[in-house]
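Here is the structure we will look at.
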Amino acid sequence: MAPSAQARTPDAAAPQPVAAPAWAQRGWPALVTADGADPADSPAPTHSQRRIAFVPMTEADLDTVVEVEKTAYTHPWSRKHFSDSLRSGYPAVLLLGEALPGEVVHPGRADGRVLLGYLVAMPGVDEVHLLNITVAPAQQRQGWARFMLDALVLWSRGQCAQWLWLEVRHSNAPARALYQRYGFAQVGLRRGYYPAGQRAREDAVGMSLNLVALAHTAQETTP
Ligand SMILES: CC(C)(COP(=O)(O)OP(=O)(O)OC[C@H]1O[C@@H](n2cnc3c(N)ncnc32)[C@H](O)[C@@H]1OP(=O)(O)O)[C@@H](O)C(=O)NCCC(=O)NCCS
């Protein structure tokens, strides 16, 4: 979605640098636990907790990514969409987890880790546009999307971005619920933006998250 000037009310205050957790200061390829603690302090994985890591997405990951993508969407991104994003240097990361005891994972990875999800974003002048966020179907409703959004917000604020933007299919109720719950506001509707099969089209809902307001809220609620 091209950011709409109307929707972007200028903010008096520029985003202030936030004290990011140590793992976030090290950048995306950080090994973190679900509660943000340093992995050195984390216990061995159990059924309720597994050690996880954000790692940069590379061409070598695309077989697995595309396989998950096909199971997660009615209209998945093609391999070319991912390749083009990587070639353009867009931030693209995988969220990997250690396999739990006895867990059978498909598609598997050579390193034995589980692909929990991934995201691709596109940085702009003062905003970051979320292009793709996906949680593998078997891993959904465990908080991973929210966790990836948290990481993306931190990363975006580290770039001094003021807005996070995205588009979502009007019919994608889980994703719209996720974004609404997270604090995104609907800022536009693009009629017939997405293909919907058999020459039908579907509207795109444009949503944005004000990272400056989010920072102020966080500061106000910090004890
Ligand atoms: C949308 C998606 C990313 C959510 O991932 P997830 O890891 O299951 O989401 P989370 O567990 O972090 O859920 C966070 C909140 O989002 C909402 N939510 C997520 N999935 C939902 C669903 N199926 N139905 C209703 N609300 C849902 C809930 O409010 C949830 O909080 P709760 O579990 O406390 O009720 C995942 O369903 C997915 O990958 N879908 C296919 C790809 C896709 O549509 N991506 C978005 C493209 S715009």
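All residue numbers for the sequence shown refer to numbering that gives the first Met the number 0, where the first residue is 0 and numbers rise by one. Heads up, the beta-carbon is just placed ideally off N, CA and C, and yes, glycines get one too.
For Q179 and A203, the rounded distance between their alpha carbons:
For the purposes of this step, residue 203 is identified with residue 204 of the sequence shown, where counting begins at 1. For the purposes of this step, residue 179 is identified with residue 180 of the sequence shown, where counting begins at 1. For A203 and Q179, the distance between alpha carbons rounds to 15 Å.
Measuring straight from C-alpha to C-alpha, what distance separates D149 and R78?
As a first step, residue 149 must be located in the sequence shown, where it is residue number 150. As a first step, residue 78 must be located in the sequence shown, where it is residue number 79. Near 26 Å, if we compare the C-alpha coordinates of R78 and D149.
Where W143 sits in the DSSP three-state scheme
Looking up residue 143 in the sequence shown gives position 144. Correct three-state label for W143: helix.
What residue range does the alpha helix (DSSP H) around T63 cover?
Within the sequence shown, numbered from 1, the residue matching residue 63 stands at position 64. Where T63 is concerned, the enclosing alpha helix (DSSP H) stretches over 61 to 71.
Contact test: P173 Cβ vs ligand 1 heavy atom, cutoff 8 Å:
Working through the sequence shown from its first residue, we reach residue 173 at position 174. True, at least one ligand heavy atom lies under 8 Å from that Cβ.
One question on the structure: do E66 and P122 come within less than 9 Å of each other, judged by their Cβ atoms?
Residue 66 sits at position 67 when you count from the first residue of the sequence shown. Residue 122 sits at position 123 when you count from the first residue of the sequence shown. Not in contact: E66 and P122 (Cβ atoms no closer than 9 Å).
Three or more C-beta pairs closer than 8 Å, one from the stretch 184 to 201 and one from the stretch 140 to 158: is that the case here?
no
Is the beta carbon of E102 closer than 9 Å to that of R50?
In the sequence shown, counting from the first residue as 1, residue 50 sits at position 51. In the sequence shown, counting from the first residue as 1, residue 102 sits at position 103. Not a contact, by the Cβ cut-off of 9 Å.
F183: buried (16+ other C-beta within 10 angstroms of its C-beta) or exposed?
Numbered from its first residue, the sequence shown carries residue 183 at position 184. So F183 counts as buried.
What did DSSP end up calling Q179 once you bin it into helix, strand or coil?
Position 180 of the sequence shown, counting from 1, holds the residue named residue 179. Three-state DSSP puts Q179 in a helix.
Which residues in the same chain have their Cβ closer than 8 Å to the Cβ of A71, if we skip the five residues on either side of it in sequence?
What you label residue 71 is simply residue 72 of the sequence shown in a count that begins at 1. Taken in chain order, the residues that qualify are T133, V134, A135, P136.
Helix, strand or coil, according to DSSP, for W154 in the structure here?
As a position in the sequence shown, residue 154 is number 155, starting the count at 1. W154 falls in the helix class under three-state DSSP.
Please classify T57: is it buried, with 16 or more other beta-carbons within 10 angstroms of its beta-carbon, or exposed?
The sequence position of residue 57 within the sequence shown is 58, counting from 1. Exposed: under 16 other Cβ atoms inside 10 Å.
Pick helix, strand or coil for A160, following the three-state DSSP scheme.
As a position in the sequence shown, residue 160 is number 161, starting the count at 1. Three-state DSSP puts A160 in coil, outside helix and strand.
Anticipated Cβ contact below 8 Å, W162 with L208, distance rounded:
Here the question's residue 162 lines up with position 163 in the sequence shown. Here the question's residue 208 lines up with position 209 in the sequence shown. Contact flag correct, Cβ pair sits at about 7 Å.
Grab the span of the beta strand (DSSP E) containing L93 for me, first residue to last.
Reading the sequence shown from its first residue, position 94 is the one you call residue 93. For L93, the enclosing beta strand (DSSP E) has its first and last residue at 91 to 96.
Please state whether DSSP places S84 in a helix, a strand or coil.
The residue labelled residue 84 in the question sits at position 85 within the sequence shown. In this structure, S84 counts as helix in the three-state DSSP scheme.
Taking the Cβ atom as the reference point for each residue, do A176 and R168 lie within a distance shorter than 9 Å?
Position 177 of the sequence shown, counted from the first residue, corresponds to residue 176. Position 169 of the sequence shown, counted from the first residue, corresponds to residue 168. Result no, Cβ atoms of A176 and R168 do not sit closer than 9 Å.
Using a threshold of 8 Å, is the CB atom of Q185 nearer than that to any non-hydrogen atom of ligand 1?
In the sequence shown, counting from the first residue as 1, residue 185 sits at position 186. For ligand 1, not one heavy atom lies less than 8 Å from the Cβ of Q185.
Measure the Cβ-Cβ separation of A59 and Y89 and say whether it is below 9 Å.
As a first step, residue 59 is located in the sequence shown; it is residue number 60 there, counting from the start. As a first step, residue 89 is located in the sequence shown; it is residue number 90 there, counting from the start. Judged by their CB atoms, A59 and Y89 are not nearer to each other than the 9 Å cut-off.
Looking only at C-alpha atoms, which of S84, A214, A109 sits nearest to L130?
Within the sequence shown, residue 130 is the residue found at index 131, counting from 1. Minimum Cα distance to L130 is reached at S84.
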